[in-house]
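> Here it is, the structure, as structure tokens.
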Amino acid sequence: MRISVSNVDKRFSVRGREVNALNKASLEVRDAEFLTLLGPSGCGKSTLLQIIAGLEPATGGKVSFEGRRTASGPVTTMVWQRYALFPWRTIKHNVAFGCEMRGMPRGERMARAQHFIENVGLIGFEEAFPHELSGGMQQRVALARALCNDPEILLMDEPLAALDAQTRTVMQVELLRIWDQYKKTVVYVTHSIDEAVLLGDRIAIMSARPGRIKEVIPVTLPRPRTLDMLTTPEFHKLADHAWNSIKEEFDVAYGASKEGQSQ
Amino acid sequence: MTISSGKLRAFASSVLYNVGPIVAVLLLWELSVRSGLIRAFFLPPVSDVLVQLWESITSGQLPAAFLVTTKRMLIGYIIGAGSAIVFGLLIGIFRPLRNFFYPIVAAVYPLPKIAMLSIFIVVFGVGDPPIIASVAISSFFPVLLNTLTGLRSIDPILIKAAEDLGANRFQVTTKVVLPGSLPMIFTGLRQSSAVALIVVVAVEMYIGQSGVGYLLSWATEFFKINLLYANLFAIGIFGILVFRLVDFIEYIALPWARER
Ligand SMILES: Nc1ncnc2c1ncn2[C@@H]1O[C@H](COP(=O)(O)OP(=O)(O)OP(=O)(O)O)[C@@H](O)[C@H]1O
Ligand SMILES: [Mg+2]
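Chains as they are written, first to last, in my numbering: chain A, 1 to 263; chain B, 1001 to 1260.
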């Protein structure tokens, strides 16, 4: 499915003060595309994702989904930075949560959950509780839980940000493998430029707050992507491009915060 | 060294660490009384107390008293803690109820509940009801406040995640809010069990015609010093059993919240 975000505004009022999080953000996400979203901290990436997910209302503008539905689940499902697993549920019951809420019969949903637990490499941990798993394993559970829900679109908010560098690399490869398998539309927020280039079909760059989409960079690397590509000149060219674009926004954000301090 | 002998050793050393200090204090007690350092008039030798304890148990006096006390405590506790959980969940989940009841709870909470005893005596007269009512009202507040805290302590991200995965409002309540607040509810249950024990013994001492508290005040009145200490020992052991039971129920009920 395609996502069309047009002129989305979002204002929060924090203790009487208005905060402009998004200002006329517009973005088209293509069908079965892996779109990565880069932007300075606080520019409204998470807010935009939650508006797309329908978890936050937009103050203005519109989000619509177009195209034929092919999946059995909801239109969107989120994968969160802090995993957001239910501590009181075992891994298999975490993974089956979405299906359970939709009333899928027990046998069917447990079989489904088992399939995705196997797919993310967690065989043997079905009966474990989240706190018994490492951060990387917990994020695999979160991924399996989202996939098991079978959404048209996966919305991922810095899913690997809490992991150490090595685990993150392993998970990037895993994500590439799994995405190749399901070819879902993905909007993927990250702070890592390398990750944005390695995973994305296109990179959307957001401006400093109030956020809008400033530039979309097509990633011309072929698929399937491999870690070897990280050292190619093509990769460097794309990463430089993204870096220069985002650097201007860092400067804006930094300048703005200095201004804020002097007031 | 095999694993099982290692485990045995670990067990033996844990027993040593837990029981050792208690045995040491008891020995010190025995020695200081026997040597005349402390007058046996106030503090009988431990050995005499243990003999008395044994006699009280075998004569059936102590078991009968504990049966009566346990019954009062349990009924009061179940009424108080049970209604606190239900009430806490209701006012925690429904905003209007909360807005109405919260100021009332905040106003009543600091009152020493034991002062209500006089009202219970006026209302219920003598016998079990005022004792049970005292236990119930003192068990009520710790559970209520912890339930409310538990409801507030749930990570909002978990609620958003559940909604995102398709849970409706009812499901969010039963599948996220409720299980998420169970650890705090158990904290309240543990606090209340301690309070319930204190209150049942205290009220029995004051108005009881039977039960452990009554036995205690009777021993005091007639200066049966061995019996007094034997009863205190028994209450101490009973208290430990009560806490262990609550811990055990929590251990079974919340496998995911076990000590890490
Ligand atoms: N619930 C909220 N109430 C008030 N203000 C909010 C709320 N959520 C976000 N904001 C504000 O909106 C702005 C954008 O926040 P958002 O979390 O979307 O940024 P982000 O781009 O995801 O940042 P980061 O990269 O640090 O995760 C911030 O200034 C933040 O303070
Ligand atoms: Mg964010």
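Note that beta-carbon positions come from the ideal geometry of N, C-alpha and C, so glycine has one too.
#1: Rounded to whole angstroms, how far is the Cβ of residue 153/A from the Cβ of residue 183/A, which I believe are closer than 8 Å?
#2: Taking the alpha-carbon of residue 1161/B as reference, which of 142/A, 160/A and 71/A has the nearest alpha-carbon?
#3: Does ligand 2 have even one heavy atom less than 8 Å from the beta-carbon of residue 158/A?
#4: Please report how far the alpha carbon of residue 1158/B lies from the alpha carbon of residue 74/A, in whole angstroms.
#5: At what residues does the beta strand (DSSP E) containing residue 78/A begin and finish?
#6: Ignore the nearest five residues each way along the sequence and tell me which others in residue 62/A's own chain have a CB closer than 6 Å to its CB.
#7: Based on Cα-Cα distance, which residue from 97/A, 119/A and 150/A lies nearest to residue 1174/B?
#8: In chain order, what are the residues with a CB under 6 Å from some non-hydrogen atom of ligand 1?
#9: Under 9 Å, do residue 1105/B and residue 1144/B count as touching if we go by C-beta distance?
#10: I'd like to know whether the C-beta of residue 115/A is nearer than 9 Å to at least one C-beta of chain B.
#11: At least one CB of chain B closer than 9 Å to the CB of residue 229/A: is that the case?
#12: For the candidate residues 211/A, 222/A, 209/A and 207/A, whose alpha-carbon lies nearest to that of residue 198/A?
#13: Please look up how many angstroms separate the CB atoms of residue 84/A and residue 211/A, rounded, as I've assumed it's under 8 Å.
#14: Quick test of your reading: residue 1091/B and residue 1146/B, contact by CB under 8 Å. State the CB separation rounded to the nearest angstrom.
#15: Among all the DSSP beta bridges, which residues are the ones paired with residue 215/A?
#16: Mind reading off the beta-carbon distance from residue 1192/B to residue 1134/B? Whole number of angstroms is fine, and I expect it under 8 Å.
#17: Indicate whether at least one CB of chain B lies closer than 9 Å to the CB of residue 16/A.
#18: Sort 1024/B, 1237/B, 1176/B and 1207/B by Cα distance to residue 1089/B and report the nearest one.
#19: Cβ atoms of residue 249/A and residue 43/A: under 9 Å apart, would you say?
#20: Could you confirm whether any beta carbon from chain A is found closer than 9 Å to the beta carbon of residue 1177/B?
#21: Given a threshold of 16 other Cβ atoms within 10 Å of its Cβ, counted over all protein chains shown, does residue 1241/B qualify as buried or as exposed?
#22: Along chain A, in chain order, which residues have C-beta atoms closer than 7 Å to that of residue 1171/B?
#23: What does the Cβ neighbour count give for residue 145/A, buried or exposed, with the cut at 16 atoms within 10 Å?
#24: Hey, out of 91/A, 35/A, 134/A and 54/A, whose CA is closest to residue 168/A's CA?
#25: Taking Cβ positions only, does residue 125/A come closer than 9 Å to chain B?
#26: Count the other CB atoms within 10 Å of the CB of residue 92/A; is the residue buried (16 or more) or exposed (fewer)?
#27: Would DSSP call residue 297/A helix, strand or coil?
#28: If the cut-off is 7 Å on Cβ atoms, which residues from the segment 75 to 108 of chain A count as contacting chain B, listed in chain order?
#29: Using the three-state DSSP reduction, which class does residue 68/A fall into: helix, strand or coil?
#30: Between the segment 52 to 78 of chain A and chain B, which residues of the former have a C-beta closer than 7 Å to a C-beta of the latter?
#31: Is residue 61/A helix, strand or coil by DSSP?
#32: Do you know offhand how far residue 1246/B's Cα is from residue 1148/B's?
#33: Going by DSSP, which residues form a beta bridge with residue 13/A?
#34: Pull the bridge partners of residue 156/A from the DSSP assignment, please.
#35: What three-state label does DSSP hand residue 1015/B in the structure shown?
#36: Within the continuous alpha helix (DSSP H) that includes residue 1220/B, where are the two ends?
The structure says:
#1: Working through the first sequence from its first residue, we reach residue 153/A at position 153. Working through the first sequence from its first residue, we reach residue 183/A at position 183. At roughly 12 Å, the Cβ-Cβ gap does not stay under 8 Å, so residue 153/A and residue 183/A are not in contact.
#2: The residue you call residue 1161/B lines up with position 161 of the second sequence. The shortest C-alpha separation from residue 1161/B is found at 142/A.
#3: Translated into positions along the first sequence, residue 158/A becomes position 158. Indeed, a heavy atom of ligand 2 lies less than 8 Å from the Cβ.
#4: Numbered from its first residue, the second sequence carries residue 1158/B at position 158. Numbered from its first residue, the first sequence carries residue 74/A at position 74. Between residue 1158/B and residue 74/A, the C-alpha separation is close to 18 Å.
#5: The count along the first sequence starts at 1 and reaches residue 78/A at position 78. 76 to 79 is the extent of the beta strand (DSSP E) around residue 78/A.
#6: Residue mapping note: residue 62/A aligns to position 62 of the first sequence, counting from 1. Correct list, in chain order: 6.
#7: In the second sequence, the residue the question calls residue 1174/B occupies position 174. The shortest C-alpha separation from residue 1174/B is found at 97/A.
#8: 12/A, 14/A, 19/A, 21/A, 39/A, 41/A, 42/A, 43/A, 44/A, 45/A, 46/A, 47/A and 209/A
#9: Translated into positions along the second sequence, residue 1105/B becomes position 105. Translated into positions along the second sequence, residue 1144/B becomes position 144. Cβ distance < 9 Å, so residue 1105/B and residue 1144/B count as in contact.
#10: As a position in the first sequence, residue 115/A is number 115, starting the count at 1. Taking Cβ atoms only, chain B never reaches closer than 9 Å to residue 115/A, which makes this a no.
#11: Residue numbering aside, residue 229/A sits at position 229 when the first sequence is read from its first letter. With 9 Å as the cut-off, residue 229/A does not count as an interface residue toward chain B.
#12: Taking the first residue of the first sequence as 1, we reach residue 198/A at position 198. For the residues 211/A, 222/A, 209/A and 207/A, the minimum Cα distance to residue 198/A belongs to 222/A.
#13: Counted from its first residue, the first sequence places residue 84/A at position 84. Counted from its first residue, the first sequence places residue 211/A at position 211. Between residue 211/A and residue 84/A the Cβ distance is about 23 Å, and since that is not below 8 Å, they are no contact.
#14: Here residue 1091/B refers to the residue found at position 91 of the second sequence. Here residue 1146/B refers to the residue found at position 146 of the second sequence. Not a contact, Cβ separation roughly 14 Å.
#15: Mapped onto the first sequence, residue 215/A falls at position 215. The partner list for residue 215/A (beta bridge, DSSP) reads 205/A.
#16: Stepping through the second sequence from its first residue, residue 1192/B is reached at position 192. Stepping through the second sequence from its first residue, residue 1134/B is reached at position 134. Rounded, the Cβ-Cβ distance is 13 Å, inconsistent with contact.
#17: Position 16 of the first sequence holds residue 16/A. For residue 16/A, the answer is no, since every Cβ of chain B falls outside 9 Å of its Cβ.
#18: On the second sequence, position 89 is the one that residue 1089/B refers to. Among 1024/B, 1237/B, 1176/B and 1207/B, the Cα nearest to that of residue 1089/B is on 1176/B.
#19: Position 43 of the first sequence, counted from the start, is the residue given in the question as residue 43/A. Position 249 of the first sequence, counted from the start, is the residue given in the question as residue 249/A. Yes, they are a contact pair.
#20: The count along the second sequence starts at 1 and reaches residue 1177/B at position 177. False, the Cβ-Cβ gap to chain A never drops below 9 Å.
#21: Here residue 1241/B refers to the residue found at position 241 of the second sequence. Residue 1241/B is exposed by the Cβ-count criterion.
#22: Counting from one through the second sequence, the residue named residue 1171/B turns up at place 171. What residue 1171/B touches in chain A: 101.
#23: Residue mapping note: residue 145/A aligns to position 145 of the first sequence, counting from 1. Result: buried.
#24: On the first sequence, residue 168/A is found 168 positions in, with the first residue counted as 1. Per the Cα distances, 134/A.
#25: If you number the first sequence from 1, residue 125/A lands on position 125. No, no contact with chain B.
#26: Stepping through the first sequence from its first residue, residue 92/A is reached at position 92. It counts as buried.
#27: No answer is possible for residue 297/A: the residues shown for chain A start at 1 and end at 263.
#28: 77, 78, 80, 82, 84, 86, 87, 88, 97, 98, 101 and 102
#29: Mapped onto the first sequence, residue 68/A falls at position 68. If DSSP states are grouped into helix, strand and coil, residue 68/A belongs with coil.
#30: 53, 55, 74, 77 and 78
#31: As a first step, residue 61/A must be located in the first sequence, where it is residue number 61. Reduced to three states, the DSSP call for residue 61/A is strand.
#32: As a first step, residue 1246/B is located in the second sequence; it is residue number 246 there, counting from the start. As a first step, residue 1148/B is located in the second sequence; it is residue number 148 there, counting from the start. Their backbone Cα atoms lie some 20 Å apart in a straight line.
#33: Taking the first residue of the first sequence as position 1, residue 13/A is located at position 13. Bridge partners of residue 13/A: 18/A.
#34: For this step, residue 156/A is matched to residue 156 along the first sequence. Partner(s): 79/A and 188/A.
#35: Mapped onto the second sequence, residue 1015/B falls at position 15. In the structure shown, residue 1015/B sits in a helix (DSSP, three-state: H, G or I).
#36: Residue 1220/B sits at position 220 when you count from the first residue of the second sequence. 1212 to 1221 is the extent of the alpha helix (DSSP H) around residue 1220/B.
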